[in-house]
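Colleague:
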Amino acid sequence: MLNPISLAFKNAKEEKRPALLTYTVAGDSSKKQSLEILKAISNYADILEVGVPHNTPVADGGQIQTSAYRAIKNGIKMNDIFEIVRDFKKNKNSKPVIFMGYYNMIFQYGENNFLKKCKKSGVNGLIVVDLPWPENKVFSKKCKKNSINFIQLLSPTTSNKRLKSITKDSHEMIYYISMLSTTGGKLKVSPKKILSNYNKIKKISPKKNCVIGFGITEKTISNFKNTDGLVVGSQICKEITRSLNHRQNPVINVSKMVSKLRKKIS
Amino acid sequence: MKLKKGIPVIDQGDRLGFWGGKFGGNFVPETLKKPIEDLEIQFNKLKNDKNFIRERDKYFKNWIGTPTRFIKLSNLTKYVGGAQIWSKVVSDANGGAHKIYNATVHCLLAKRSGKKVIIGDTGAGYAGKMLSMAAKKFGLKCKIFMGAKDIKRQQPNVKAMKKNGADVIPVYSGSQTLVDAVSECMRFWVANCDTTAMCVGSTVGPAIFVRICGWSTSQISRELKVQLINEFGEVPKKLKLYNCVGGGSSSFGFWNEFMDYDKKQVEFIGVEAGGPSKSKRHAAPLTYGSKIGILHGAAQYVNQNSDGQIEETESISAGLDYPGISPLHCFLKDVKRARYTAASDEEALKAYRIVTKYENLRPSLEPSHAFSVAIKESKKLSKDTIVIINSCGDAYKDRGILEKKLGKKYVKSN
Numbered sequence: 055m056l057n058p059i060s061l062a063f064k065n066a067k068e069e070k071r072p073a074l075l076t077y078t079v080a081g082d083s084s085k086k087q088s089l090e091i092l093k094a095i096s097n098y099a100d101i102l103e104v105g106v107p108h109n110t111p112v113a114d115g116g117q118i119q120t121s122a123y124r125a126i127k128n129g130i131k132m133n134d135i136f137e138i139v140r141d142f143k144k145n146k147n148s149k150p151v152i153f154m155g156y157y158n159m160i161f162q163y164g165e166n167n168f169l170k171k172c173k174k175s176g177v178n179g180l181i182v183v184d185l186p187w188p189e190n191k192v193f194s195k196k197c198k199k200n201s202i203n204f205i206q207l208l209s210p211t212t213s214n215k216r217l218k219s220i221t222k223d224s225h226e227m228i229y230y231i232s233m234l235s236t237t238g239g240k241l242k243v244s245p246k247k248i249l250s251n252y253n254k255i256k257k258i259s260p261k262k263n264c265v266i267g268f269g270i271t272e273k274t275i276s277n278f279k280n281t282d283g284l285v286v287g288s289q290i291c292k293e294i295t296r297s298l299n300h301r302q303n304p305v306i307n308v309s310k311m312v313s314k315l316r317k318k319i320s
Numbered sequence: 098m099k100l101k102k103g104i105p106v107i108d109q110g111d112r113l114g115f116w117g118g119k120f121g122g123n124f125v126p127e128t129l130k131k132p133i134e135d136l137e138i139q140f141n142k143l144k145n146d147k148n149f150i151r152e153r154d155k156y157f158k159n160w161i162g163t164p165t166r167f168i169k170l171s172n173l174t175k176y177v178g179g180a181q182i183w184s185k186v187v188s189d190a191n192g193g194a195h196k197i198y199n200a201t202v203h204c205l206l207a208k209r210s211g212k213k214v215i216i217g218d219t220g221a222g223y224a225g226k227m228l229s230m231a232a233k234k235f236g237l238k239c240k241i242f243m244g245a246k247d248i249k250r251q252q253p254n255v256k257a258m259k260k261n262g263a264d265v266i267p268v269y270s271g272s273q274t275l276v277d278a279v280s281e282c283m284r285f286w287v288a289n290c291d292t293t294a295m296c297v298g299s300t301v302g303p304a305i306f307v308r309i310c311g312w313s314t315s316q317i318s319r320e321l322k323v324q325l326i327n328e329f330g331e332v333p334k335k336l337k338l339y340n341c342v343g344g345g346s347s348s349f350g351f352w353n354e355f356m357d358y359d360k361k362q363v364e365f366i367g368v369e370a371g372g373p374s375k376s377k378r379h380a381a382p383l384t385y386g387s388k389i390g391i392l393h394g395a396a397q398y399v400n401q402n403s404d405g406q407i408e409e410t411e412s413i414s415a416g417l418d419y420p421g422i423s424p425l426h427c428f429l430k431d432v433k434r435a436r437y438t439a440a441s442d443e444e445a446l447k448a449y450r451i452v453t454k455y456e457n458l459r460p461s462l463e464p465s466h467a468f469s470v471a472i473k474e475s476k477k478l479s480k481d482t483i484v485i486i487n488s489c490g491d492a493y494k495d496r497g498i499l500e501k502k503l504g505k506k507y508v509k510s511n
């Protein structure tokens with residue numbers, strides 16, 4: 055049996071489109087609202103990345119930082135985040151969930167406890183921004199044992215030699231960072247160049263599902279239709295901020311945005 | 098966990114950059130793996146390259162001005178009435194603080210690797226000021242990231258940076274102090290690492306930055322060892338080296354050459370910032386038993402909550418106002434080579450008043466923390482004990498705070 059993440063990719067492939075992955079921060083702007091957002095976008099997205107907010111994020115740009123600081127300020131704690139996932143997973147319509155965050159949150163929870171809790175609440179995968187290969191070897195094995203996908207990251211600075219080693223140690227999904235940037239940067243590299251790097255990865259590792267993230271927005275997403283999956287994060291976080299500033303309902307606005315994104319790649 | 102003899106501490110990390118198997122490392126985004134590896138290769142090669150060392154020493158001597166003075170504080174010694182109190186006046190260095198050593202070395206490395214821009218973080222503004230000076234000297238463009246709160250309280254250094262042609266970029270996130278400046282600087286590097294070199298302003302950050310900084314500031318103890326032998330004919334039998342510890346760059350540099358001595362002969366005392374005496378907040382993770390966590394790419398003792406969110410610090414001294422501490426100091430604490438304690442804001446101010454009353458020396462608020470503990474402990478020490486305080490910064494940058502707290506008469510005009 056395929057794990058839920060691979061199944062989501064397979065379903066998208068059958069519809070001849072890339073899988074749509076969204077990123078929202080857990081607890082933004084509150085525990086309840088972030089759960090509602092997940093439920094709403096679940097109608098259009100294939101896999102949901104749930105950001106675990108951290109207050110010294112070294113790879114996140116302004117929009118995601120704003121979301122994360124807002125969530126922390128409103129009191130979100132690690133255990134609340136597990137509860138959000140657990141409640142989300144009770145829905146019929148739920149989709150696979152991937153946590154994205156920084157290692158200190160896992161370290162303080164205790165690796166084993168953290169994984170146990172992930173499994174119990176229904177987290178399917180983990181992206182740990184500041185735990186690169188080979189530092190992540192031991193932890194990624196632990197994830198595998200617990201049937202949790204550890205998602206390796208690749209970037210334009212990753213050498214060919216590293217690329218081969220990392221993909222070899224990766225699970226079913228890999229994440230390619232499109233350009234040298236924090237999250238939310240403007241796409242400063244041509245889609246052609248990004249796709250050529252993407253194809254290089256696919257050539258080395260054809261069976262793994264490779265998603266592209268960073269700089270993917272409503273404007274750019276349709277350039278990447280022939281890929282396994284695409285991640286949109288900062289634009290969604292920005293929409294939450296915009297909605298809150300205009301006293302509008304972020305759940306409705308974000309849901310509309312994700313629906314549009316989905317149409318652009320269908 | 099053991100401290101090895103005969104091997105520089107900066108080279109005692111394991112293959113993944115951990116000291117004692119658990120401090121330091123490289124908790125960085127994938128994008129930074131390559132630039133960090135490039136820097137490691139370059140530094141490992143150059144630190145043993147005679148030409149490079151000659152070049153470094155040339156700039157240290159002719160531009161930074163080595164050696165800085167080693168002086169006896171006779172009036173203070175008389176006032177305290179215990180151990181002999183001396184000071185290594187590192188604030189003599191060009192620019193007024195030890196940060197110049199690391200800044201110079203980073204610019205030399207950047208120049209050799211063909212980078213045109215160098216970026217750095219700053220708290221008290223010294224790391225930024227020195228990097229802007231060195232960048233100007235070596236013809237590099239310079240950007241300095243600085244917390245908005247620090248920009249307000251350390252204006253003299255901000256002005257100096259701008260005068261040297263650096264862009265000072267205010268950081269408004271989080272507590273708007275050093276911790277946020279370092280994060281923002283690292284983020285900028287993530288996005289620009291192909292064209293830009295990064296200088297981390299202290300012995301913190303990913304392992305290579307800890308090593309480069311420690312290697313650079315070790316100039317302080319190299320000089321001191323020679324000065325001690327000139328003065329006493331040997332390294333004294335009872336020697337105590339007091340230094341403030343924020344990130345830990347000046348203290349590590351002040352101690353490094355004496356690492357292999359028995360601690361009964363040469364004792365290291367690190368003084369962290371205890372914050373206002375009435376506040377629970379502090380910047381003293383070693384003194385107050387903070388747990389190990391990851392901050393800015395390295396595992397270290399760090400102020401954090403149970404979830405792993407980094408906690409805000411509070412200290413009168415911007416240079417010590419950092420929730421973490423160098424992995425080198427975590428290691429030195431756990432192998433018991435160094436002893437760590439804290440001084441409060443009030444104690445540091447009191448020490449500043451005493452030192453400036455008795456001596457022609459104006460330590461900034463950072464070394465005033467070290468003076469506070471040294472004065473207290475010297476009272477109980479024998480007359481043949483040599484106490485040395487690293488006066489690693491000059492109080493000029495603190496004039497605003499000092500004027501407010503102590504009144505105009507304590508702030509000399511210049």
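Chains A and B are the protein sequences, given in the same order.
Start counting the first sequence at 55; every next residue gets the next number (our numbering).
Start counting the second sequence at 98; every next residue gets the next number (our numbering).
Cβ coordinates follow ideal geometry from the N, Cα and C atoms, glycine included.
1) Using C-beta distances below 6 Å, list every residue in its chain close to B:E463, excluding the 5 sequence neighbours before and after it, in chain order.
2) Can you tell me which of the three DSSP states A:P58 falls into?
3) Does DSSP classify A:E189 as helix, strand or coil?
4) Return the first residue and the last residue of the beta strand (DSSP E) that B:E364 is part of.
5) For B:A263, collect the residues of the same chain with a Cβ closer than 6 Å to its Cβ; drop the 5 residues on either side in sequence, then sort them by chain order.
6) So, for B:C290: in the same chain, excluding its five sequence neighbours on each side, which residues have a beta-carbon less than 8 Å away from its beta-carbon?
7) I'd like to know if the stretch 192 to 203 of chain B and the stretch 306 to 316 of chain B are in contact, where contact means that at least 3 CB-CB pairs between them fall below 8 Å.
8) Is there at least one Cβ from chain A nearer than 9 Å to B:C489's Cβ?
9) So, does the CB of B:A288 fall closer than 9 Å to a CB anywhere in chain A?
10) Here's the rule I'm using: 16 or more other beta-carbon atoms within 10 Å means buried, otherwise exposed. How should B:L328 be labelled?
11) State buried or exposed for B:N511, treating a residue as buried only when at least 16 other CB atoms are found within 10 Å of its CB.
12) For the alpha helix (DSSP H) that contains B:V574, what are its first and last residues?
13) List the whole-angstrom C-beta distance separating A:P107 from A:A94, where the pair is believed to meet the contact cut-off of C-beta under 8 Å.
14) From A:L185 to A:F161, what does the alpha carbon distance come to, in whole angstroms?
15) Could you tell me the alpha carbon to alpha carbon distance between B:E474 and B:A370, rounded to whole angstroms?
16) With 8 Å as the limit, tell me which residues of the stretch 123 to 141 of chain A have their beta carbon closer than that to any beta carbon of chain B; keep them in chain order.
17) My output table needs one value for A:N147: the three-state DSSP class, helix, strand or coil.
18) What residue range is occupied by the uninterrupted beta strand (DSSP E) comprising B:V268?
19) Let me know the secondary structure DSSP gives B:C341 once reduced to three states.
20) Can you confirm whether B:V276, when its beta carbon is compared against all beta carbons of chain A, has any partner nearer than 9 Å?
21) Kindly list the residues whose CB is nearer than 8 Å to the CB of A:N190, restricted to its own chain and excluding five residues on each side of it in sequence; keep chain order.
22) By the 10 Å Cβ neighbour count, where 16 or more other Cβ atoms means buried, how is A:S201 classified, buried or exposed?
23) Between the alpha carbons of B:V125 and B:H393, how many angstroms are there, rounded?
24) If you check the beta carbons only, do B:E444 and B:S488 fall under 9 Å apart?
25) Within 9 Å (strictly less), CB to CB, does A:D184 reach chain B?
26) Taking 8 Å as the threshold, find out whether the stretch 182 to 192 of chain B comes into contact with the stretch 275 to 289 of chain B through three or more Cβ pairs.
27) Relative to chain B, which residues along the stretch 183 to 204 of chain A have a C-beta separation below 9 Å, given in chain order?
28) Would you mind working out which of B:G497, B:G390, B:A492, B:S465 sits nearest B:K119, comparing C-alpha positions?
29) In three-state DSSP terms, what is B:P460?
30) DSSP three-state call for A:C197: helix, strand or coil?
31) Go ahead and label A:I294 buried or exposed: buried means 16 or more other beta carbons lie within 10 angstroms of its beta carbon, across all protein chains shown.
Modeller: Straight from the coordinates:
1) Against the second sequence, residue 463 of chain B aligns to sequence position 366. Same-chain partners within the cutoff: C341, S414, G416, L417, G490.
2) In the first sequence, the residue the question calls residue 58 of chain A occupies position 4. Three-state DSSP puts A:P58 in a helix.
3) Here residue 189 of chain A corresponds to residue number 135 of the first sequence, with the count starting at 1. A:E189: coil per DSSP, three-state reduction.
4) In the second sequence, counting from the first residue as 1, residue 364 of chain B sits at position 267. Counting along the chain, B:E364 sits inside the beta strand (DSSP E) bounded by residues 363 to 372.
5) Residue 263 of chain B sits at position 166 when you count from the first residue of the second sequence. Answer for B:A263: S229, C239, I241, listed in chain order.
6) If you number the second sequence from 1, residue 290 of chain B lands on position 193. So the qualifying residues of the chain are T128, L129, K131, P132.
7) yes
8) On the second sequence, residue 489 of chain B is found 392 positions in, with the first residue counted as 1. With its beta carbon at least 9 Å from every one in chain A, B:C489 lies outside the interface.
9) Within the second sequence, the letter at position 191 stands for residue 288 of chain B. At least one chain A Cβ lies under 9 Å of B:A288.
10) The residue given as residue 328 of chain B occupies position 231 in the second sequence. One detail in the question is off: residue 328 of chain B reads as Glu in this sequence, not Leu. With fewer than 16 other Cβ atoms within 10 Å, it is exposed.
11) Position 414 of the second sequence, counting from 1, holds the residue named residue 511 of chain B. In this predicted model, B:N511 has a pLDDT of only 41, less than 50, meaning its place in the structure is not dependable; the value taken from the coordinates is given anyway. Under this definition B:N511 is an exposed residue.
12) The structure shown does not extend to residue 574 of chain B, since chain B is modelled only from 98 to 511, so the question has no answer here.
13) Locating residue 107 of chain A in the first sequence gives position 53, counting from the first residue. Locating residue 94 of chain A in the first sequence gives position 40, counting from the first residue. A:P107 to A:A94, Cβ: 20 Å. No contact.
14) As a first step, residue 185 of chain A must be located in the first sequence, where it is residue number 131. As a first step, residue 161 of chain A must be located in the first sequence, where it is residue number 107. Taking the straight line from one Cα to the other gives about 11 Å.
15) The sequence position of residue 474 of chain B within the second sequence is 377, counting from 1. The sequence position of residue 370 of chain B within the second sequence is 273, counting from 1. Spanning the alpha carbons of B:E474 and B:A370 requires a straight line of approximately 17 Å.
16) Y123, I126, K131, M132
17) In the first sequence, the residue the question calls residue 147 of chain A occupies position 93. Coil.
18) As a position in the second sequence, residue 268 of chain B is number 171, starting the count at 1. B:V268: member of the beta strand (DSSP E) spanning 264 to 268, first to last residue.
19) Taking the first residue of the second sequence as position 1, residue 341 of chain B is located at position 244. If DSSP states are grouped into helix, strand and coil, B:C341 belongs with the strands.
20) By one-based count along the second sequence, residue 276 of chain B stands at place 179. Yes, its Cβ sits closer than 9 Å to a Cβ of chain A.
21) Residue mapping note: residue 190 of chain A aligns to position 136 of the first sequence, counting from 1. Same-chain partners within the cutoff: V182, F204, Q206.
22) Translated into the one-based positions of the first sequence, residue 201 of chain A becomes position 147. Per the 10 Å Cβ criterion, exposed.
23) In the second sequence, residue 125 of chain B corresponds to position 28, counting from 1. In the second sequence, residue 393 of chain B corresponds to position 296, counting from 1. Using only the alpha carbons, I get a separation of about 8 Å.
24) As a first step, residue 444 of chain B must be located in the second sequence, where it is residue number 347. As a first step, residue 488 of chain B must be located in the second sequence, where it is residue number 391. No, the pair does not count as a contact, with Cβ atoms beyond the cut-off.
25) If you number the first sequence from 1, residue 184 of chain A lands on position 130. True, the Cβ-Cβ gap to chain B drops below 9 Å.
26) no
27) Shown in chain order are the members of the stretch 183 to 204 of chain A whose Cβ falls below 9 Å from a Cβ of chain B: V183, D184, L185, P186, W187, P188, E189.
28) Within the second sequence, numbered from 1, the residue matching residue 119 of chain B stands at position 22. Comparing Cα-Cα distances from B:K119 to each of B:G497, B:G390, B:A492, B:S465, the minimum goes to B:G390.
29) Translated into positions along the second sequence, residue 460 of chain B becomes position 363. Note: B:P460 maps to strand in three-state DSSP.
30) For this step, residue 197 of chain A is matched to residue 143 along the first sequence. Helix, per DSSP.
31) Position 240 of the first sequence holds residue 294 of chain A. Flag for A:I294 reads buried.
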